[in-house]
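Here the numbering used here is used: the first residue of the sequence shown is 7, the next is one more, and so on.
Think of the CB as a built atom: it goes at the ideal place given N, C-alpha and C, for glycine as much as any other residue.
What you are looking at is a predicted structure, and each value in this text was computed from that prediction instead of being measured.
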Amino acid sequence: MSPELGHFALALACAFAFAQTILPLIGAQRRDRRLMTMAPGLALGQVIALGASFLCLIDAAISDDFSVANILENSAVTKPLLYKITGVWGNHEGSILLWALILGLCGAAVAAFGRNLPAALRARVLAVLGGVAAGFELFCLTTSDPFDRVWPAPLDGQGMNPLLQDPGLAFHPPILYTGYVGFAVPFAFAIAALIEGRVDAAWGRWVRPWAVAAWAFLTCGIALGSWWSYYVLGWGGYWFWDPVENASLIPWLSGTALMHSAIVVEKREALKIWTVLLAIATFSFSLSGTFLVRSGILNSVHAFANDPARGIFILGLLGLVIGGSLALFAWRAPSLTAGGLFSPVSREGLLVLNNILLCSICAVVLTGTMYPPFMSLLFGKTISVGKPFFDAATIPLAIPLFAFMGFGPMLPWKRAQMWPVLRRLWIAALATLLAFAVATWSLSGVLPILCATGAVWVIATSATDIANRVALFRIPLGQSFNRARFLPRAAFGAALAHAGVGVSALGLAAMSQAQHKIVEVPVGQTESLAGYDWTLAGVKTEPGPNYTALVGTIEVRHNGHLVTVMHPSKRSFNAQNQTTTEVSIHTNGFSDLYGVIGDKHGDDAHPTYVLRLHYNPLAPWMWLGALIMAFGGALSLSDRRMRVGAPRRAPAPNTVAAE
7 MSPELGHFAL ALACAFAFAQ TILPLIGAQR RDRRLMTMAP GLALGQVIAL GASFLCLIDA
67 AISDDFSVAN ILENSAVTKP LLYKITGVWG NHEGSILLWA LILGLCGAAV AAFGRNLPAA
127 LRARVLAVLG GVAAGFELFC LTTSDPFDRV WPAPLDGQGM NPLLQDPGLA FHPPILYTGY
187 VGFAVPFAFA IAALIEGRVD AAWGRWVRPW AVAAWAFLTC GIALGSWWSY YVLGWGGYWF
247 WDPVENASLI PWLSGTALMH SAIVVEKREA LKIWTVLLAI ATFSFSLSGT FLVRSGILNS
307 VHAFANDPAR GIFILGLLGL VIGGSLALFA WRAPSLTAGG LFSPVSREGL LVLNNILLCS
367 ICAVVLTGTM YPPFMSLLFG KTISVGKPFF DAATIPLAIP LFAFMGFGPM LPWKRAQMWP
427 VLRRLWIAAL ATLLAFAVAT WSLSGVLPIL CATGAVWVIA TSATDIANRV ALFRIPLGQS
487 FNRARFLPRA AFGAALAHAG VGVSALGLAA MSQAQHKIVE VPVGQTESLA GYDWTLAGVK
547 TEPGPNYTAL VGTIEVRHNG HLVTVMHPSK RSFNAQNQTT TEVSIHTNGF SDLYGVIGDK
607 HGDDAHPTYV LRLHYNPLAP WMWLGALIMA FGGALSLSDR RMRVGAPRRA PAPNTVAAE
């Protein structure tokens with residue numbers, strides 16, 4: 007497959023996207039079913055064209071076609087095959103094409119699984135998705151063409167950024183982008199609802215699975231990126247409040263609020279305006295993160311490009327999508343009728359409180375991320391907002407969030423009494439008091455103690471919720487088991503997702519007590535850290551496929567007994583004249599022993615080496631919690647109520663949705 011074929015397929019996809027935007031909208035407005043039914047076919051045609059274009063780019067990478075500028079700048083003959091393939095999206099042009107492909111897949115999924123939707127609603131949803139896709143595909147064709155040619159073609163390429171030559175980061179972008187782009191579907195539903203002026207329980211049922219799926223993928227993507235930072239960058243940490251890390255956290259927070267608001271719309275037909283606004287905000291934050299990374303405003307090890315010209319295009323697209331959607335919201339939101347009333351002490355009331363706290367944390371992270379670049383732009387002042395600010399500002403908001411998370415699932419809808427709920431939670435409360443005592447004894451600092459206590463409360467109340475649903479220990483165990491078999495999977499999924507938050511929070515609290523040491527030692531010297539003896543037993547040089555590695559051997563002993571032998575390395579990539587660290591980690595599930603080898607000093611006769619040694623308690627729990635959260639989301643999606651469409655809407659006067 008030639009690059010020209012890939013470029014033609016991309017142009018064809020763009021044409022399909024524009025047709026998908028215009029024709030179904032006209033059909034929905036005129037109630038012309040022939041035009042409305044064209045939307046699924048156009049969405050399918052677009053994704054096929056995008057798939058062909060993406061395969062052409064992969065083929066160029068595998069065949070070492072260095073006449074393609076993208077391949078020349080990001081690949082080399084000696085590059086391993088895996089990274090030739092995954093490196094296709096490890097750069098600006100390829101990542102934008104991947105973004106467009108995933109957006110096309112989302113449109114095709116709505117076309118395939120949205121057959122139960124009203125014809126006009128499905129047409130409008132696909133039209134909105136087509137419009138966003140058209141913008142990104144036009145961006146690819148005009149300023150970020152992945153198929154640009156160079157002549158004469160060199161014999162070898164410049165190679166990949168060595169930091170990206172890692173399995174974790176190879177698969178991190180597709181998963182993260184699926185989360186980012188997945189929120190385009192709730193956004194499209196929100197815009198379609200604003201156009202027709204109707205949000206009801208059926209709309210909430212249709213939106214919620216897409217929001218849950220996008221949230222689960224985004225959770226995995228963020229966790230994978232954090233894990234990559236932990237074991238590749240060699241800093242010993244997991245999350246550094248890097249601006250680009252924050253750019254993914256912001257839509258995750260608002261997306262979490264969106265999921266809970268959609269539940270209230272589905273169950274009680276309340277919070278309609280808030281849910282529509284959250285759908286718009288979450289996808290807007292996803293687009294904003296793309297703009298910030300690629301415009302040159304935010305500099306980070308994660309950023310793919312520093313090109314203000316490209317940033318201007320994305321800024322225009324951002325203004326059109328966000329500005330247009332907010333203008334439509336301001337115009338049409340008052341026409342959305344209010345839903346059912348509820349008492350502040352009810353499940354709806356707790357969900358509202360949770361959403362307020364989630365949005366508050368989101369606002370804090372957004373402010374801390376954007377304040378430095380705006381100060382630099384407006385006043386020419388360079389300031390830094392880092393971990394101390396974010397920890398001090400977000401943790402006090404997270405602790406009451408943990409408290410409300412425990413009560414929410416236990417409360418009935420519309421109106422509740424607190425005393426019956428408190429009686430059911432006495433075991434969870436006892437476990438939390440015990441956790442507070444243990445945390446006070448083992449942790450230092452008020453915030454880590456409160457965070458760990460809140461985490462145990464969330465886990466205990468999640469388990470209590472399921473135990474109460476199956477009447478555990480109140481009826482024979484066999485009957486409880488039968489109840490569990492017929493309990494909706496969404497109930498298990500919600501409990502698991504909440505418990506996953508608690509597990510991650512425990513890991514975060516414990517990591518605040520991590521110990522580390524940076525030393526310069528000769529071979530044979532022993533250092534002590536956290537009750538372990540770390541001995542640099544040897545250092546050797548090993549060749550790699552496209553690098554040379556300095557590999558250390560560190561023997562770790564506890565009370566004289568060998569615990570593990572670690573082999574951290576430092577890789578030198580000659581083609582890029584760069585070096586990377588390869589961390590060695592030994593884990594037992596409750597703590598990590600973490601070793602990094604750095605620069606060599608001295609002469610060859612008496613060399614010394616810089617070692618970074620860490621003891622990280624409960625570090626694996628941070629990523630285990632994220633996996634539990636994502637699995638909870640997937641389990642909820644497997645619930646039949648999620649997979650089977652909502653019942654037909656009641657006829658509504660003066661709306662196309664009644665067709």
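For Phe-195, the CB contacts under 6 Å within the same chain, skipping 5 residues up- and downstream, are Val-131 and Val-213 in chain order. Shown here, Trp-233 sits in a helix according to DSSP, grouped into three states. DSSP, read as helix, strand or coil, puts Thr-547 in strand. Assigned with DSSP and collapsed to three states, Val-83 falls in coil, not helix or strand.
In this chain, the beta strand (DSSP E) harbouring Tyr-621 covers 614-623. For the pair Met-411 and Val-464, the CB atoms are nearer than the 7 Å cut-off. Non-local C-beta neighbours of Pro-551 in its own chain, meaning closer than 7 Å and more than five positions away in sequence, comprise Thr-84 and Pro-86, ordered along the chain. Rounded to the nearest whole angstrom, the CA to CA distance from Gly-537 to His-178 is 35 Å.
Taking C-alpha positions only, Lys-278 is separated from Leu-417 by approximately 21 Å. In this structure, Leu-264 lies near Leu-284, with their beta-carbon atoms less than 7 Å apart. Apart from sequence neighbours up to five positions away, the residues of its chain that approach Phe-637 with a beta-carbon distance below 7 Å are Leu-502, ordered along the chain. In the DSSP secondary-structure assignment, Trp-540 is bridged to Glu-533 and Val-562. The C-alpha of Pro-192 is placed about 14 Å away from the C-alpha of Phe-335.
Taking 4 residues as the minimum length, the alpha helix (DSSP H) runs contained wholly in the stretch 452-513 are 452-475 and 483-492, in order along the chain. Nearest neighbour of Val-527 by Cα position, chosen from Thr-559, Val-507 and Leu-111, turns out to be Thr-559. Around the beta carbon of Lys-393, fewer than 16 other beta carbons sit within 10 angstroms, so the residue counts as exposed. Less than 7 Å separates the beta-carbon of Asn-622 from that of Tyr-600. Ala-176 is a Cβ neighbour of Thr-92, given a cutoff of 7 Å. Using a 10 angstroms sphere on the CB of Phe-319, the tally of other CB atoms reaches 16 or more, which defines it as buried. Taking the C-beta atoms as reference points, Tyr-89 is found nearer than 7 Å to Met-166.
Around the C-beta of Phe-291, 16 or more other C-beta atoms lie within 10 Å, and the residue is accordingly described as buried. The C-beta of Lys-546 has fewer than 16 other C-beta atoms within 10 Å across all chains shown, which makes the residue exposed. When rounded, the separation of the alpha-carbon atoms in Leu-449 and Ile-54 is 55 Å.
Between the stretch 511-527 and the stretch 612-630, the count of Cβ pairs shorter than 8 Å is three or higher; the stretches touch. In chain order, Ala-222, Thr-225, Leu-502, Ala-503, Gly-506, Val-507 and Ser-510 place their CB closer than 8 Å to the CB of Met-635, counting only its own chain and leaving out the 5 sequence neighbours on each side. By the C-beta density criterion, Thr-586 is buried, having at least 16 other C-beta atoms within 10 angstroms. Within its own chain, the residues whose Cβ lies closer than 8 Å to the Cβ of Arg-430, once the five positions on either side in sequence are excluded, are Met-416, Thr-470 and Asn-474, listed in chain order. With contacts defined by Cβ atoms closer than 7 Å, Thr-459 and Ala-445 form a contacting pair. Residue state for Met-572 is assigned as strand, using DSSP reduced to three classes. Beta bridge pairing from DSSP links Tyr-600 with Ile-591 and His-620. For Ile-389, no beta strand (DSSP E) run applies, since DSSP gives it neither H nor E.
Of Trp-157, Ala-422, Asp-172 and Asp-206, the smallest CA-CA separation from Arg-353 is found for Ala-422.
In this structure, the beta-carbon distance from Val-529 to Leu-542 falls below 7 Å. Leu-170 sits away from Gly-227, with the two beta carbons spaced by 7 Å or more. Rounded to the nearest whole angstrom, the C-alpha separation of Ala-496 and Ala-640 is 9 Å.
Annotation for Ile-524: no alpha helix (DSSP H) segment contains it, though the beta strand (DSSP E) segment containing it runs 521-527.
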